[in-house]
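Structure record follows, encoded as structure tokens.
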Amino acid sequence: MSRSKTLLGYFLLILPLCYGKVKGQSNLIRAERQKLLYVKDSIRYINSINRLGMLYHMKDIDSSLYYGMMAKQLASRMEYPKGKADADNVIASVLYIRGMYQESLQLYTHALSAYKVQKDTPNVSQVTMNMGNVYLSLNDAKKGLELFRQVMRTGRRDSIMSLVYANYCMSNPDLSDDSIAYYIDKTREIAGIYKDHRVLIAVKELEFDLLQKKGRNTAALALLGATLSEARKYELDDQEIYLLSSYTRFYKNQPDSALHYAWLSYQLAKKKDYVLELIPILKDILHYTALSGNKDQMISVQKLLESVMAEENEQLKKFVGDYIKYSAIQTDNTFLSLVNKNSKTKILMLIAICVVGIFLLLFIYRLYQISRKHQRELEQLNLTVLEQNKTLQVNDEFKNKLFSILAHDFRTPLISTISIAGLMKDNPEFTKSEMEEFYGDIERQASDMLDSFDTILQWIKQQLSGYQYKPEILVLYDLLCESAEIMKQQLDAKKITLFNQIPMHITVTSDKEMLQFVNRNLLSNAIKFSPVGSTIVINSMQDGDSITVSVTDQGQGMDELTISKLFTVSGNFGSSTQHGAGIALSMCKDFIQKLGGRIWAKNGTPNGAVFSYSISSTV
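Counting in numbering that gives the first Met the number 0, the sequence shown runs from 0 upward without gaps.
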């Protein structure tokens, strides 16, 4: 996490318990401490201590821990659940800032459970958001952002939601500019309702980052100046420090200007006792001093940084020691409370029962785990067998359809060839030229049929192991011409005129043999049910990536019941020829669906039928 993100993250973390009339944080602390002298009610006293603990976060982390621990002890003694939850929240926030993330999460979890029991929705949202910040610091962005989204889904429209939207916007690097603008608007809207100037300034800081991201540096600089003036107006020292650091980042390519604002930021942090910000600011100063090439100044800054880091290290040691002592005291208090309520014998019996119970629970849990593991393995095995059976069934059905293709596609050409041969046999008076023409037709049809047979046979061999989709670029016009050539004998026999009106430039990327099976069947059906001397028209329509091919005949058409059952094997056809067509059409439907399209039929105007299918022109 970048330093700028960390600063804003701390600000948004500590804010929920500190909102109210805007004034400088130092003034808020002085006012709260003054009020503490006159508070007589125990509940209000605990609340005031918790508020002080939260206000001290950025200025004096040790004082923040001190007030949090004091509030926890008093609330426990008074049996005040909200006070205990607020104290856990304060201490958890302190631990988070000190980098003790796991301990922080543990206390946040306790506070969250307490707030849920109390049905304190704003604080439930606030603690959930804070836990999201901790997970982000643990580099678990997925968990952190999910917690933010959870609050956005369940939180009410109160002031805390402005912080949630701002945190989510700040912490999600994958948000688009439009999404960032949306969450900024949501934050501004809610903060404006509650006149929360702290959050409104934070919104402008986010807008500054967005303008920089878009390269609008002039507008960004103007906004930054106006925001800095507003922070000074309301004596918001912590935000003024952050905004001065923003100037430093803005002038990162101008070391002298960057140093100017970095020193201003350091001086303000030093003056206002924001000790947590001194080290990162001094690191910036050292970086830009190195860029400026002033070696003497570098040595001076380095010494200052080492001094501050040494002091911070001592403070950290003291903090850890204080927290360990606090934890020990909490443990001792719990134990002493138990001693006061129970005799030594009862305690020993209770411990023994607990130990036995734990071992028993562990044993039962272990047996349960083993049982669940075996059950999952058995369920997985059953699922695997079921999936394999389904795959085998699908492959078996597909293989049956492959053999049906051979039976169906070569029946018509063979019938035509047999018809020509029978015609020659029954009419010996044909002239030599007519006989040569018949021989040529037989030879051409047999040759075409053999070529098609070889092609389809090779395709079927590839498909025997299961359906394999092998797309290639195909010219639709050529496909229909090829199919029409196979049907030439039937067209000539019924004196049917075929118009292929598909533009020659239209192409599709698909499986040729599956598509040709559909084309041949639609064309064959149109010929079968067309009257002698009629016309068949093939046309196409392209809509984006979708291409629709239609075959229109001038037959007698169909009733609605026939159309509704047309593409099923049980279709209601009047003749055995029509029933065979129904089987073929059901296969056509299956193939078109495998190609990702659809097929349908309707009656033409004023007569005839229109069979159409639609597929994608691309893979």
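Glycine residues also receive a C-beta, built at the ideal position from the N, C-alpha and C atoms.
(message) Could you give the first and the last residue of the continuous alpha helix (DSSP H) run that contains Ser136?
(response) Within the sequence shown, numbered from 1, the residue matching residue 136 stands at position 137. For Ser136, the enclosing alpha helix (DSSP H) starts and ends at Thr120 to Ser136.
(request) Report buried or exposed for Gln457, applying the criterion of at least 16 other Cβ atoms within 10 angstroms of its Cβ. (result) The residue given as residue 457 occupies position 458 in the sequence shown. Low confidence applies to Gln457: its pLDDT is 44, below 50, so where it sits in the model is not reliable, and the reading given next is rough at best. Burial call: exposed.
(request) Could you check if Phe362 is buried or exposed, using at least 16 other CB atoms within 10 Å of its CB as the buried criterion? (result) Counted from its first residue, the sequence shown places residue 362 at position 363. With fewer than 16 other Cβ atoms within 10 Å, it is exposed.
(message) Determine whether the beta carbon atoms of Leu162 and Met128 lie at a separation below 9 Å.
(response) Counted from its first residue, the sequence shown places residue 162 at position 163. Counted from its first residue, the sequence shown places residue 128 at position 129. Yes, Cβ-Cβ distance for Leu162 and Met128 is below 9 Å.
(message) In whole angstroms, give me the CA-to-CA distance for Phe498 and Asp542.
(response) Numbered from its first residue, the sequence shown carries residue 498 at position 499. Numbered from its first residue, the sequence shown carries residue 542 at position 543. Going by C-alpha positions, Phe498 is about 22 Å away from Asp542.
(request) Return the first residue and the last residue of the beta strand (DSSP E) that Tyr612 is part of. (result) Within the sequence shown, numbered from 1, the residue matching residue 612 stands at position 613. Membership of Tyr612 in the beta strand (DSSP E) is indicated by the continuous run Ala608 to Ser615.
(message) Just to confirm my understanding: we take Ile546, look at its own chain, exclude 5 residues before and 5 after, and list those with CB closer than 8 Å. What are they?
(response) In the sequence shown, counting from the first residue as 1, residue 546 sits at position 547. Apart from sequence neighbours up to five positions away, the residues of its chain that approach Ile546 with a beta-carbon distance below 8 Å are Leu475, Ile505, Val507, Ser539, Met540, Ser613, Ile614, Ser615 and Ser616, ordered along the chain.
(message) Could you check whether the segment 70-78 touches the segment 101-115, counting it as contact only if at least three pairs of C-beta atoms, one from each stretch, sit closer than 8 Å?
(response) Short answer: they don't touch.
(request) Could you check the C-alpha separation between Ile192 and Ile90 for me, to the nearest Å? (result) In the sequence shown, the residue the question calls residue 192 occupies position 193. In the sequence shown, the residue the question calls residue 90 occupies position 91. Ile192 and Ile90: Cα-Cα distance of roughly 30 Å.
(request) Could you work out which residue in Asp208, Leu522, Leu227 and Ser228 is closest to Ala219 when comparing CA atoms only? (result) Position 220 of the sequence shown holds residue 219. The option with the nearest alpha carbon to Ala219 is Asp208.
(message) By DSSP's criteria, Met540 is part of a beta bridge. Which residues make up the other side?
(response) In the sequence shown, counting from the first residue as 1, residue 540 sits at position 541. DSSP output for Met540 lists Thr547 as bridge partner(s).
(request) List the whole-angstrom C-beta distance separating Asp236 from Leu267, where the pair is believed to meet the contact cut-off of C-beta under 8 Å. (result) What you label residue 236 is simply residue 237 of the sequence shown in a count that begins at 1. What you label residue 267 is simply residue 268 of the sequence shown in a count that begins at 1. Contact check for Asp236 and Leu267: beta-carbon distance about 7 Å, within the 8 Å limit, so the pair qualifies.
(request) Pick out whichever of Asp552, Arg187, Glu484 and Thr344 has its Cα sitting closest to the Cα of Glu206. (result) Numbered from its first residue, the sequence shown carries residue 206 at position 207. Each of Asp552, Arg187, Glu484 and Thr344 was checked against the Cα of Glu206, and the nearest Cα belongs to Arg187.
(message) Just to confirm my understanding: we take Met77, look at its own chain, exclude 5 residues before and 5 after, and list those with CB closer than 6 Å. What are they?
(response) The residue labelled residue 77 in the question sits at position 78 within the sequence shown. For Met77, same chain residues with a beta-carbon under 6 Å away, outside a window of 5 residues either side, are Ser41 in chain order.
(message) Which residues does DSSP list as the beta-bridge partners of Ala600?
(response) Counted from its first residue, the sequence shown places residue 600 at position 601. Beta-bridge pairing links Ala600 to Phe610.
(request) Go through its chain and collect everything with a Cβ distance to Asn122's Cβ below 6 Å, but skip five positions before and after it. (result) As a working mapping, residue 122 is identified with position 123 in the sequence shown. For Asn122, where only same-chain residues beyond five positions count, the Cβ hits under 6 Å are Tyr114.
(message) Measuring straight from C-alpha to C-alpha, what distance separates Asp589 and Leu479?
(response) On the sequence shown, residue 589 is found 590 positions in, with the first residue counted as 1. On the sequence shown, residue 479 is found 480 positions in, with the first residue counted as 1. C-alpha separation (whole angstroms): 20 Å.
(request) Find out if the Cβ-Cβ distance for the pair Val548, Val536 is shorter than 9 Å. (result) Translated into the one-based positions of the sequence shown, residue 548 becomes position 549. Translated into the one-based positions of the sequence shown, residue 536 becomes position 537. Not closer than 9 Å, so no.
(message) Between Val133 and Ser103, how many whole angstroms is the CB-CB distance? I'm expecting something under 8 Å.
(response) Your numbering for residue 133 matches position 134 in the sequence shown. Your numbering for residue 103 matches position 104 in the sequence shown. With a beta-carbon spacing of about 5 Å, Val133 and Ser103 fall inside the 8 Å limit used to define contacts.
(message) Using C-beta distances below 7 Å, list every residue in its chain close to Gly607, excluding the 5 sequence neighbours before and after it, in chain order.
(response) Position 608 of the sequence shown holds residue 607. Thr551, Asp552, Gln553, Gly554 and Gly556, listed in sequence order.
(message) Per the DSSP calculation, Leu376 is bridged to which residue(s)?
(response) Here residue 376 is taken as the residue at index 377 of the sequence shown, counted from 1. Per the sequence shown, residue 376 should be read as Glu rather than Leu. The partner list for Glu376 (beta bridge, DSSP) is empty, contrary to what the question assumes.
(request) Could you check which residue in Lys372, Leu359, Asn602 and Tyr367 has the C-alpha nearest to that of Glu559? (result) As a first step, residue 559 must be located in the sequence shown, where it is residue number 560. That would be Asn602, whose Cα lies nearest to the Cα of Glu559.
(message) Once the 5 residues before and after Ile200 are set aside, which same chain residues still bring their CB inside 7 Å of it?
(response) As a position in the sequence shown, residue 200 is number 201, starting the count at 1. Here the set comprises Thr226, Glu229, Ala230, Leu235 and Gln238.
(request) Could you check if Leu14 is buried or exposed, using at least 16 other CB atoms within 10 Å of its CB as the buried criterion? (result) Translated into the one-based positions of the sequence shown, residue 14 becomes position 15. Interpretation of Leu14 is limited by its pLDDT of 44, a score under 50 that renders its predicted location unreliable; the figure taken from the coordinates is listed afterwards. Counting other Cβ atoms within 10 Å of its Cβ, Leu14 reaches 16 or more and is therefore classed as buried.
(message) Checking the sheet assignment: what are the DSSP bridge partners for Phe498?
(response) Your numbering for residue 498 matches position 499 in the sequence shown. Bridge partners of Phe498: Val536.
(request) Look up Thr508 in the DSSP assignment and give the residues it is bridged to. (result) Mapped onto the sequence shown, residue 508 falls at position 509. For Thr508, which the question treats as bridged, DSSP gives the partners Ile472.
(request) Grab me the residues of Asp283's own chain with a C-beta within less than 6 Å of its C-beta, minus the 5 sequence neighbours each way, in chain order. (result) As a first step, residue 283 is located in the sequence shown; it is residue number 284 there, counting from the start. The residues Thr247 and Ala261, in chain order, have a CB closer than 6 Å to that of Asp283 in the same chain once the five nearest residues on each side in sequence are set aside.
(request) Starting from Gln266, follow the alpha helix (DSSP H) in both directions and report where the run begins and ends. (result) If you number the sequence shown from 1, residue 266 lands on position 267. Residues Pro254 to Lys270.
(message) 9 Å is my cut-off, CB to CB: does Ile28 come that close to chain D?
(response) The structure shown has no chain D; it contains just one protein chain.
(request) If I'm right that Leu285 touches Leu258 with Cβ under 8 Å, what's the distance once you round it to whole angstroms? (result) The residue given as residue 285 occupies position 286 in the sequence shown. The residue given as residue 258 occupies position 259 in the sequence shown. Between Leu285 and Leu258, the beta carbon gap of about 10 Å keeps them out of contact (Cβ cut-off 8 Å).
(message) Considering only their Cβ atoms, is the gap separating Ala583 from Ser523 smaller than 9 Å?
(response) Along the sequence shown, one-based indexing puts residue 523 at 524. Along the sequence shown, one-based indexing puts residue 583 at 584. Going by C-beta atoms, Ser523 is nearer than 9 Å to Ala583.
(request) Between the Cα of Gly224 and those of Leu210, Gln211 and Leu243, spot the shortest distance and give me the residue it belongs to. (result) Translated into positions along the sequence shown, residue 224 becomes position 225. Ranking the options by Cα distance to Gly224, first place goes to Leu243.
(message) According to DSSP, is Gly67 part of a helix, a strand, or is it coil?
(response) Translated into positions along the sequence shown, residue 67 becomes position 68. Correct three-state label for Gly67: helix.
(message) According to DSSP, is Gln553 part of a helix, a strand, or is it coil?
(response) Mapped onto the sequence shown, residue 553 falls at position 554. When secondary structure is reduced to three states using DSSP, Gln553 falls in the coil class, being assigned neither helix nor strand.
(request) Put Met151 into one of helix, strand or coil per three-state DSSP. (result) As a position in the sequence shown, residue 151 is number 152, starting the count at 1. In the structure shown, Met151 sits in a helix (DSSP, three-state: H, G or I).
(message) Does His109 come out as helix, strand or coil in the three-state DSSP assignment?
(response) Translated into the one-based positions of the sequence shown, residue 109 becomes position 110. Secondary structure at His109: helix, using DSSP grouped into helix, strand and coil.
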